[in-house]
Amino acid sequence: MASVLIVEDETIVALDLRRRLTRLGYDVAGVTAYGEEAIVLAEQQRPDLVLMDVRLRGTMDGVTAAEQIHARFGSPVVFVTAYADEETFGRAGRSEPFGYLLKPFEEEELRKVVESALTRGHPQGSADRKT
Amino acid sequence: VLLLALVGLRLRTRQLRRASARLSRLVEERTRELQQSRDDLEKRVAERTTELEQDIAERKKTEQALVEREEQIRASLREKEALLKEIHHRVKNNLQIIISLLNLQAAHTKDPAILGAFAESENRVRSMALVHESLYRSSDLARVVLAPHVQRLCEHLYRCYGVDTRRIELRTTISDAALDLDRAIPCGLIINELVSNALKYAFPDGGKGSIHVKLDHSLDRYTLLVKDNGIGLPEGFDFRRADSLGLQLVCGLTEQIGGTIEYLRDGGSTFRIEFGA
Chain V
1 MASVLIVEDE TIVALDLRRR LTRLGYDVAG VTAYGEEAIV LAEQQRPDLV LMDVRLRGTM
61 DGVTAAEQIH ARFGSPVVFV TAYADEETFG RAGRSEPFGY LLKPFEEEEL RKVVESALTR
121 GHPQGSADRK T
Chain A
1001 VLLLALVGLR LRTRQLRRAS ARLSRLVEER TRELQQSRDD LEKRVAERTT ELEQDIAERK
1061 KTEQALVERE EQIRASLREK EALLKEIHHR VKNNLQIIIS LLNLQAAHTK DPAILGAFAE
1121 SENRVRSMAL VHESLYRSSD LARVVLAPHV QRLCEHLYRC YGVDTRRIEL RTTISDAALD
1181 LDRAIPCGLI INELVSNALK YAFPDGGKGS IHVKLDHSLD RYTLLVKDNG IGLPEGFDFR
1241 RADSLGLQLV CGLTEQIGGT IEYLRDGGST FRIEFGA
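Written out as structure tokens, the structure reads:
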């Protein structure tokens, strides 16, 4: 069973993600609202995928945390964000994201982006990215 | 004769000397006058130059002040835009939280009717979120072009009701006109309700057909058509007095944007909503 680490600063959204992922048959490796803790969890749990919010609690943002996690442990990272502007996409692009999920997300979008990040394992943006 | 000539010459010489002396005085006088007027002119030029220099200095100061003011205005505009983006972002985030809450709550029931009610509520929130999404991405942060958002909204509804576009074809023809937020959100919700109704009721028992959402605009009017070629509303059904929350929302929101609504039974159902630009 593939494991997913959830990094999200909104408790309710994190709960929702955890429940939806469990229902879709994934193992949730951990949930945190902090980038620093995400790196520690990624090292301990070695998740198959990280779902990463861009805005996090604490000093480190999601893009930086994703860069470190990907560089150190090779876990693919999918960004979950309400941001849709080019600047954030550009910055997030440098950490080789394996997909984007725009908030508010749909379960179908979540399923597709997680599946494609896990199976194909190469960078791919969600359908909304280019507009 | 010689003497006469000599006397004449002397006379002439004296006359000439006098004339020459007069001329000299005249020249001197004229020179003095010229000198005077040159001095005057120089003085005036110097005065005017000082005046002009003061003028230029003042103008430069004003220009500098204008440039600074403009820079201030630009900076405050940039700040305002950033703040607006931040607000849209937060609104979207909050709408995500609402959707998550609905979804978490729905997980505690298995009753299909209740689940359906949750799904419909979620769709309404999502339709609002999509308008904010479009706004957030547009360069004009006060007005939104509905076209991309209507397509996404309908695609979402098809997925939500598990309908394939091969069974019920989807067409959206949306003018590229921009609407302000006060109309874009009700308009999105109206489309959400009417398309949901069509997907739920117009094609029973897996029937095939098509849904067409069309928004036209002329100089002063918008016309929104939501059209399907399904079975139509039941005979004698008054959509204005319907029990259905969806239709109540449609009528209420049409009124809210100062529009009119009519129902046409033309080989299916057509809702035609008009409102002022």
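So the sequence lines, in the order shown, correspond to chains V and A.
Start counting the first sequence at 1; every next residue gets the next number (my numbering).
Start counting the second sequence at 1001; every next residue gets the next number (my numbering).
In this text, a Cβ means the ideal position worked out from N, Cα and C, and glycines have one as well.
Please list, in chain order, all residues of the same chain as residue i whose beta carbon is under 8 Å from its beta carbon, the five residues on each side excluded.
| i | result |
| --- | --- |
| Ile1174 (chain A) | Leu1146, Ala1147, Val1150, Gln1151, Val1213, Lys1214 and Leu1215 |
| Val78 (chain V) | Leu49, Val50, Leu51, Met52, Pro97, Phe98, Gly99, Tyr100, Leu101, Val113, Val114 and Ala117 |
| Leu1102 (chain A) | Phe1118, Ser1121, Glu1122 and Val1125 |
| Gln1096 (chain A) | Ala1129 |
Less than 7 Å between C-beta atoms, sequence neighbours within five positions excluded: which residues of the same chain meet that for residue i?
| i | result |
| --- | --- |
| Ala1057 (chain A) | none |
| Leu1278 (chain A) | Because chain A is modelled from 1001 through 1277, residue 1278 (chain A) falls outside the range shown and cannot be assessed. |
| Arg1124 (chain A) | Leu1189 and Asn1192 |
| Arg18 (chain V) | Ile6, Val28 and Val31 |
| Ala1178 (chain A) | Asp1140, Arg1143, Val1144 and Val1145 |
| Leu1253 (chain A) | Pro1186, Leu1189 and Ile1190 |
| Gly1276 (chain A) | Asp1220, Arg1221 and Gly1258 |
| Ala1119 (chain A) | Cys1160 |
| Gly58 (chain V) | Tyr34, Gly35 and Glu36 |
| Leu21 (chain V) | Val4 and Val28 |
| Gly1246 (chain A) | Glu1193, Ser1196 and Asn1197 |
| Asp9 (chain V) | Ala33, Asp53, Arg55, Leu56 and Arg57 |
| Thr131 (chain V) | Interpretation of Thr131 (chain V) is limited by its pLDDT of 32, a score under 50 that renders its predicted location unreliable; the figure taken from the coordinates is listed afterwards. Closer than 7 Å at Cβ, skipping near neighbours: no residue. |
| Ser126 (chain V) | Per-residue confidence for Ser126 (chain V) stands at a pLDDT of 39, beneath the threshold of 50, marking its modelled position as unreliable; the derived number appears in the next sentence. Counting only Cβ-Cβ distances below 7 Å, and skipping sequence neighbours, we find Gly99, Tyr100, Leu101, Leu102, Glu109 and Val113. |
Residue i bridges to which residues according to DSSP?
| i | result |
| --- | --- |
| Val77 (chain V) | V:Val50 |
| Ser1269 (chain A) | A:Asp1228 |
| Ile30 (chain V) | It should be noted that the sequence gives Gly, not Ile, for residue 30 (chain V). Beta-bridge pairing links Gly30 (chain V) to V:Leu5. |
| Ile1168 (chain A) | A:Gly1209 |
| Leu24 (chain V) | In DSSP, Leu24 (chain V) forms no bridge with anything. |
| Ala1282 (chain A) | Because chain A spans 1001 through 1277 in this model, residue 1282 (chain A) falls outside it and cannot be assessed. |
| Phe1239 (chain A) | Phe1239 (chain A) is not bridged to any residue. |
| Ile1185 (chain A) | None; Ile1185 (chain A) has no bridge partner. |
| Thr1223 (chain A) | A:Asp1216 and A:Glu1274 |
| Leu102 (chain V) | V:Thr81 |
| Arg1090 (chain A) | Note: Arg1090 (chain A) sits in no beta bridge, so no partner. |
| Arg57 (chain V) | V:Tyr34 |
| Ile12 (chain V) | According to DSSP, Ile12 (chain V) bridges with nothing at all. |
Check the Cβ-Cβ distances between residue i and every residue of chain V, and say whether any is below 9 Å.
| i | result |
| --- | --- |
| Leu1104 (chain A) | yes |
| Arg1159 (chain A) | yes |
| Ile1191 (chain A) | no |
| Ser1139 (chain A) | no |
| His1212 (chain A) | no |
| Leu1101 (chain A) | yes |
| Ile1097 (chain A) | yes |
| Asn1093 (chain A) | yes |
| Ala1178 (chain A) | no |
| Arg1167 (chain A) | no |
| Val1163 (chain A) | no |
Please report whether the beta-carbon of residue i lies at a distance below 9 Å from any beta-carbon of chain A.
| i | result |
| --- | --- |
| Phe105 (chain V) | yes |
| Thr131 (chain V) | Low per-residue confidence applies at Thr131 (chain V): pLDDT is 32, beneath 50, and the placement is therefore not dependable, though the value from the model is reported in the following sentence. Interface residue, yes. |
| Arg57 (chain V) | no |
| Arg72 (chain V) | no |
| Leu51 (chain V) | no |
| Asp61 (chain V) | no |
| Ala138 (chain V) | Outside the shown range of chain V (1 to 131) lies residue 138 (chain V), about which nothing can therefore be said. |
| Arg46 (chain V) | no |
| Ile12 (chain V) | yes |
| Leu15 (chain V) | yes |
Tell me which same chain residues have a C-beta within less than 6 Å of the C-beta of residue i, skipping the five on either side of it?
| i | result |
| --- | --- |
| Glu1262 (chain A) | Arg1272 |
| Glu1051 (chain A) | none |
| Gly1267 (chain A) | Asn1229 |
| Met60 (chain V) | Gly35 and Glu36 |
| Val1091 (chain A) | His1132 |
Is it buried or exposed for residue i, if we count other Cβ within 10 angstroms and need 16 for buried?
| i | result |
| --- | --- |
| Leu1153 (chain A) | buried |
| Gly1116 (chain A) | exposed |
| Gly1230 (chain A) | buried |
| Ser1218 (chain A) | exposed |
| Asp1176 (chain A) | exposed |
| Val1066 (chain A) | Residue identity differs from the one stated: residue 1066 (chain A) is Leu in this sequence, not Val. Exposed, since its Cβ has fewer than 16 Cβ neighbours within 10 Å. |
| Ile1211 (chain A) | buried |
| Leu1002 (chain A) | exposed |
| Met1 (chain V) | exposed |
| Ile1114 (chain A) | exposed |
| Pro123 (chain V) | With a pLDDT of 40 at Pro123 (chain V), under the threshold of 50, the predicted position of this residue should be treated as unreliable, and no value is reported. |
| Arg1126 (chain A) | buried |
| Thr1031 (chain A) | exposed |
| Val1027 (chain A) | exposed |
| Val80 (chain V) | buried |
| Pro1112 (chain A) | exposed |
| Pro1234 (chain A) | exposed |
Unbroken beta strand (DSSP E) runs of length 3 or more, entirely within the segment 1107-1162 of chain A: which are they?
-> 1143-1145
Can you give, in chain order, each stretch of the alpha helix (DSSP H) that sits fully within the segment 1013-1081 of chain A and has at least 4 residues?
-> Runs found: none.
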